[in-house]
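Visitor:
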Amino acid sequence: MSLDQLYREVILDHYRSPRHSGSLEHPDAHADGHNPLCGDEISLDLTFDGDRVSDIRISGRGCSISQASASMMANAVSGMTLDEVRDLERRFKEMMSIEEGGEEIDVKVMGDLAALQGVRRFPVRIKCADLPWTTLDEALSQRS
Amino acid sequence: MSLDQLYREVILDHYRSPRHSGSLEHPDAHADGHNPLCGDEISLDLTFDGDRVSDIRISGRGCSISQASASMMANAVSGMTLDEVRDLERRFKEMMSIEEGGEEIDVKVMGDLAALQGVRRFPVRIKCADLPWTTLDEALSQRS
Amino acid sequence: MIDPPLERVDLSRLRDDFPILQTEMNGRPLVYLDSAATTQKPVQVLDAMDAYYREANANVHRGAYALAQEATERYEGARGKVARFVNADSSSEIVFTRGTTSSINMVAYGWGLHHLGEGDRILLTTMEHHANVVPWQLICRHTGAELVYLPIDADYMVDLAGLDELVDSRLKIIGISGMSNVLGTIGPVAVLVEAARSVDAIVIVDGAQMVPHSPVDLPALGADFVAFGAHKMLGPTGVGALWGRPERFEEMEPAEGGGEMIRDVGLHESSWADVPHKFEAGTPPIAEAVGFGAAVDYLSAIGMDEVRRHEIDITSYALQRLAEVPDLKVYGPVDPAARGGAVSFTLADVHPHDLATILDQEGIAIRAGHHCAKPLMRVLDVPATARASFYVHSTTDEVDALVSALWEARRLFGLA
Amino acid sequence: MIDPPLERVDLSRLRDDFPILQTEMNGRPLVYLDSAATTQKPVQVLDAMDAYYREANANVHRGAYALAQEATERYEGARGKVARFVNADSSSEIVFTRGTTSSINMVAYGWGLHHLGEGDRILLTTMEHHANVVPWQLICRHTGAELVYLPIDADYMVDLAGLDELVDSRLKIIGISGMSNVLGTIGPVAVLVEAARSVDAIVIVDGAQMVPHSPVDLPALGADFVAFGAHKMLGPTGVGALWGRPERFEEMEPAEGGGEMIRDVGLHESSWADVPHKFEAGTPPIAEAVGFGAAVDYLSAIGMDEVRRHEIDITSYALQRLAEVPDLKVYGPVDPAARGGAVSFTLADVHPHDLATILDQEGIAIRAGHHCAKPLMRVLDVPATARASFYVHSTTDEVDALVSALWEARRLFGLA
Ligand SMILES: Cc1ncc(COP(=O)(O)O)c(C=O)c1O
Ligand SMILES: Cc1ncc(COP(=O)(O)O)c(C=O)c1O
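Sequence order for the protein chains is R, S, E and W. The first sequence: position 101 = 101 (the working numbering), numbered continuously. The second sequence: position 110 = 1110 (the working numbering), numbered continuously. The third sequence: position 39 = 2039 (the working numbering), numbered continuously. The fourth sequence: position 198 = 3198 (the working numbering), numbered continuously.
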């Protein structure tokens, strides 16, 4: 049943206990994301150690999909180099856009994020899953 | 043919050679009439000798119906007492509103104005025929 | 046409008039519980518009041919119908606009901009729709006037305790929702009208929800202006109305300029047509007004007393059934007679958008979000609510479907 | 749907798409020669709106259920169609409005009110429609700016001789009709755009007649804003569009406040959504936008080059045939390639309203009056003109019927 696929336990877990929650006092980069259609909000702080994300903190309000996506993203990118972040971002976008029954998701690479693939079947909600990523994009673009 | 009935010679004659045309330098009453729907305009000056219309002058721009109606009206009311004017006004309104085949028009009383009865069959144009009369109404109401 | 008045039990017969209610959503029969956002349209309304275009379409006024005359009669006829529906004394008390939002902006720019100055005050409530907040913020910027607010109390009613303190010579305008689209709360129009009278302020009622859902006699309401729209009362999008007292309309300047609203236009100066045309610049929404007329005909055939009675019935039932769902919180008055049929709620920590998605899969359309009432969301201390809202065609079966789906949401979110 | 592109000879086939063209007026087959006032609608447009209400009606944006998503897609899809029709670079260059008048007022209040001051100037021409005159008069009152005008020359073209003198640092806005609804004259947009550039003024084109009647590439036109409406291009009443350059839209303030146009609303301050939604306060004309989309689809299927070619053909023919009628005077350029299909005329001393009545009896619909261009009527020194205007479905037979009826008018008025 597709709703069960959408609201998998791992998603609800990230929704209810978001990882990397909070903000940083002296972030190297910051961005606020906002989905004007549904009102979801994400606020994102980053620090870097050279080319590497040394810390990431997120605060926000919104639906389980946007908040879980943010928590999973924070988990994943923390400690990654910028190139690795870009690569993951590309893979995530791909996952959200490919047809069902298309290319398999590489669960090893995607980790918890793979749980979001159910969102594809709910086109209205794809923007929710995307919001943290577009916000991250903006924060990174500030830096360069 | 009803158009021939509408555009009778007497109407075109009043349209082309309006009677009592012009304005008065010291009118006892004055009113401007305007049909916002078609733009027809009537400007009307009156002097009185006691209870009697001693002079009436009209200037205006508009279709054959409104201008002929004004000219015919001026002809008719000139020299009339106020009561006679009111009476004629009532008869005119009646003529414009009665069903075709209804009460006969008293041509003796109405004179040239009877020629306007064809207008009834063109509801859009009734306001044109009415314009001089509503303007006269306003001028008279100023006086009392 | 349906025959007035319908028996109470026959309201369900109306459903056949609404083609969309025969369709499915996500493979399930559509359960449309979003009438507060926009209503569905009966065939009578669709046919009136279609017939207008097929038989009578022409630009209105000024047309000297029969077709233009017919179009004008249908358009002005619709104005007469809407006027009678709200018990106006004359058709000229009804200005056709683009919708409720447009009607309120018309008063803000047409009356507010010309009558407000530095230090003047506009009184609103914290339950207002953005349509009755933002236009006044814009006017404050232009005039130096300021906004003050009446709060909402613990029973979700407008709190009038501080009213007296706010009523003084600075008060020029009171804006009040006749019925909240979030809480269902009926606004205290009568009290505010009395307060306004004492200091010669004007009252504008946001009637977007009030006019569709209850019998209204606008002149008797005592307000100066009432804004409402067709699409929330079975009519089409693209048209609304502003009812106003004749003397207030006379004080009001046109907010837009153009054709139809003029008496004369010179190169540098112009003069205006009479009310209501003075406020209807340009080609009006002609077919939409005709549809609006057909919508009020339809509602009148049911009878607005009956519409209101049905709304109280279905809302009572919904409030009762929703109370059975654990962790569900309703935001709004508990007494169905003190409120309309918009029922906002949250379910534990399930975000309203997640609720909407879950219900959507069951064919149930509800709204989730801030409902264009962000200030109220802050008062309620929630980012959003879910909202089910009813109209003449709503049934208890539909409420039952909603409640079952909420149980399903509980299961999906692991709420024991 | 009709198959693009139609052969030239096949345009008459289109008539079957217009239900009203199969009807009668005063017992005669309707000869509709008033497309400049409003156009008739093909079934494709009526069906698109009807289908919207029967299958997809819901309020747009923010809806988390499938029906609302579908409604949003049809609404935003229509924006995309209109954008492509005018060759806009992006959908966000199209703001949906209530119509041409509303679009111009939006620029007047949204841009003019915020960028004009005492002594600034707005340049118009004496052939403008009231919709492109009165809004600027209103803005002048608010800002202390003043209006200046370019006259019309003996050939009914905009007289540019005095232009240089008027182009200086005081000039902030130029408003120009892309095509006159009275004279048919095509406005000298390119020349005015160049003039405006030299002093950093903006140009707004009244495209009410231009966009429906000729192929347009709005970004290439060089203007800053172009206003147009659906009902004069086979679409419904109640909706229009404002095309704008992105950078100008950024400079522009919302003219109306309400839902949909906000990012956040506080009690005293609000922030705006992105363009184009920033300018679309309240529930938009959804079904009407859908109808607008269907109308541009229909026109695109014909091909706008073909539309223009047909207009030149039928206008040439009409000018030729009208020249045969003694005492008939045409007001407008003689070269069909320099003009649109609105042909104004007078016949001896027969008042245009009398002409319209006479033609009406023959089933022929023409307009008589000032055509919302009173300043131009004073220039032409007539109280009114009669006007026949054409569109894609107009035929030479209809022109012939017009001409015979004019002979009948001569007889009735005793013109030898
Ligand atoms: C040249 C021109 N501009 C503006 C308008 C106004 O358009 P609307 O009445 O649809 O707002 C019209 C049509 O009446 C027109 O012909
Ligand atoms: C209470 C209230 N006021 C105003 C509005 C605005 O109406 P519209 O969007 O039709 O202009 C709405 C509906 O959205 C409403 O519910």
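Each residue gets a CB set at the ideal place from its N, CA and C atoms; glycine is no exception.
Interface residues of chain R around E:ALA2384 at Cβ under 7 Å?
Guide: GLY39
Visitor: What first and last residue would you give for the alpha helix (DSSP H) that runs through W:TYR3331?
Guide: It is not in any alpha helix (DSSP H) - W:TYR3331 instead sits in the beta strand (DSSP E) that spans 3328-3331.
Visitor: Output the distance between the C-alpha atoms of S:THR1134 and W:TYR3331, rounded to the nearest integer angstrom.
Guide: 34 Å
Visitor: With DSSP as the reference, label S:TYR1007 as helix, strand or coil.
Guide: coil
Visitor: Touch check for the region 2182-2191 of chain E and the region 2136-2149 of chain E: three-plus C-beta pairs under 8 Å?
Guide: Contact between the region 2182-2191 of chain E and the region 2136-2149 of chain E is absent, because fewer than three Cβ pairs lie under 8 Å.
Visitor: Is it right to say W:HIS3268 is buried, meaning 16 or more other beta carbons lie within 10 angstroms of its own, or is it exposed?
Guide: exposed
Visitor: Are the CB atoms of R:VAL53 and R:SER78 within a distance shorter than 8 Å?
Guide: It is a contact, given that the beta carbons lie within the stated cut-off.
Visitor: Taking the beta carbon of E:PRO2246 as the centre, do at least 16 other beta carbons fall within 10 Å, making it buried, or is it exposed?
Guide: exposed
Visitor: Thinking W:ILE3366 and W:ALA3388 are a contact (beta carbons under 8 Å), I'd like their distance in whole angstroms, please.
Guide: 5 Å
Visitor: Counting only Cβ pairs nearer than 7 Å, list the residues of chain W close to R:VAL124.
Guide: ALA3064 and GLN3069
Visitor: In the DSSP assignment, what are the bridge partners of S:ARG1057?
Guide: S:ASP1045
Visitor: Would you tell me roughly how many angstroms separate the C-alpha atoms of E:ALA2088 and E:GLY2080, rounded to the nearest one?
Guide: Taking the straight line from one Cα to the other gives about 9 Å.
Visitor: Can you tell me the Cα-Cα spacing of E:LEU2006 and W:VAL3043, whole angstroms?
Guide: Here the model assigns E:LEU2006 a pLDDT of 38, short of 50, so the residue's position is not dependable, and the following value carries that caveat. Distance between the alpha carbons of E:LEU2006 and W:VAL3043: 35 Å.
Visitor: For chain S, find out if any of its Cβ atoms is closer than 8 Å to the Cβ of W:ILE3358; answer yes or no.
Guide: W:ILE3358 counts as touching chain S.
Visitor: Leaving aside the five residues before and after E:THR2039 along the sequence, list all residues of the same chain whose C-beta is less than 6 Å from its C-beta, in chain order.
Guide: LYS2232, LEU2234 and TYR2391
Visitor: For S:HIS1030, which of helix, strand or coil comes out of DSSP?
Guide: strand
Visitor: Please look up how many angstroms separate the CB atoms of E:GLY2363 and E:ARG2028, rounded, as I've assumed it's under 8 Å.
Guide: 3 Å
Visitor: What are the boundary residues of the alpha helix (DSSP H) that S:VAL1124 is part of?
Guide: Counting along the chain, the alpha helix (DSSP H) containing S:VAL1124 begins and ends at 1123-1143.
Visitor: Starting from the beta carbon of E:LEU2412, find every residue of chain R whose beta carbon is closer than 9 Å, and list them in chain order.
Guide: LEU3, ASP4, LEU6, TYR7 and LEU12
Visitor: What does W:ALA3435 pair with, by DSSP beta-bridge criteria?
Guide: In the structure displayed, chain W extends from 3001 to 3416; residue 3435 of chain W sits before or after that span and is not available.
Visitor: In chain order, what residues of the same chain lie with their CB nearer than 6 Å to the CB of E:GLU2288, ignoring the 5 residues before and after it?
Guide: Within the same chain, Cβ atoms closer than 6 Å to the Cβ of E:GLU2288 are found at PRO2236, GLY2238 and VAL2239, the five residues on either side in sequence being excluded.
Visitor: Using CA coordinates, which residue listed in W:GLY3293, W:ALA3294, W:TYR3317 and W:VAL3107 is at the minimum distance from W:GLU3398?
Guide: Comparing Cα-Cα distances from W:GLU3398 to each of W:GLY3293, W:ALA3294, W:TYR3317 and W:VAL3107, the minimum goes to W:TYR3317.
Visitor: So with CB distances below 7 Å, who are the chain S contacts of W:HIS3351?
Guide: Contacts between W:HIS3351 and chain S, judged by CB atoms closer than 7 Å, involve GLY1062, CYS1063 and SER1064 in chain order.
Visitor: Find the residues of chain S that neighbour E:ARG2098, judging by a C-beta separation of less than 7 Å, and give them in chain order.
Guide: Chain S residues near E:ARG2098: none, gap ~23 Å exceeds 7 Å.
Visitor: Would the C-beta of W:ASN3057 count as close to ligand 4, meaning under 7 Å from any of its heavy atoms?
Guide: Here the bound small molecules are ligand 1 and ligand 2; ligand 4 is not part of this structure.
Visitor: Does W:GLU3280 pass the burial test, meaning 16 or more other C-beta atoms within 10 Å, or should it be called exposed?
Guide: It is buried - the Cβ of W:GLU3280 has at least 16 other Cβ atoms within 10 Å.
Visitor: For W:LEU3319, which residues from the same chain have a beta carbon less than 6 Å from its beta carbon, with the 5 sequence-adjacent residues on both sides left out?
Guide: Counting only residues of its own chain and dropping the five nearest sequence neighbours on each side, W:LEU3319 has no CB closer than 6 Å to any other CB.
Visitor: Which residue wins for smallest C-alpha separation from E:ASP2016, given the options E:MET2025, E:MET2106, E:LYS2041 and E:SER2035?
Guide: E:LYS2041
Visitor: Rounding to the nearest angstrom, what Cα-Cα distance links E:GLU2076 and E:ALA2108 in this structure?
Guide: When rounded, the distance between both Cα atoms is 25 Å.
Visitor: Scan the region 3351-3405 of chain W and note each continuous alpha helix (DSSP H) run of 4 residues or more that stays entirely inside, going in chain order.
Guide: 3352-3361 and 3374-3380
Visitor: Can you tell me whether DSSP reads W:VAL3216 as helix, strand or coil?
Guide: coil
Visitor: Name the chain R residues whose beta carbon is nearer than 8 Å to that of W:ARG3263?
Guide: HIS34 and PRO36
Visitor: Could you tell me whether the Cβ of E:ASP2273 comes closer than 8 Å to any Cβ of chain S?
Guide: Before going further, note that residue 2273 of chain E is Ala rather than Asp in the sequence given. In terms of beta-carbon proximity, E:ALA2273 lines the interface with chain S, with at least one pair separated by less than 8 Å.
Visitor: Which of the three DSSP states, helix, strand or coil, is assigned to E:TYR2065?
Guide: coil
Visitor: List the residues of chain S whose Cβ lies closer than 7 Å to the Cβ of W:GLY3369, in chain order.
Guide: For W:GLY3369, the residues of chain S that pass the 7 Å Cβ criterion are CYS1038 and GLY1039, in the order they occur in the chain.
Visitor: Can you give me the C-alpha to C-alpha distance between E:LEU2412 and R:CYS128, rounded to a whole angstrom?
Guide: 19 Å
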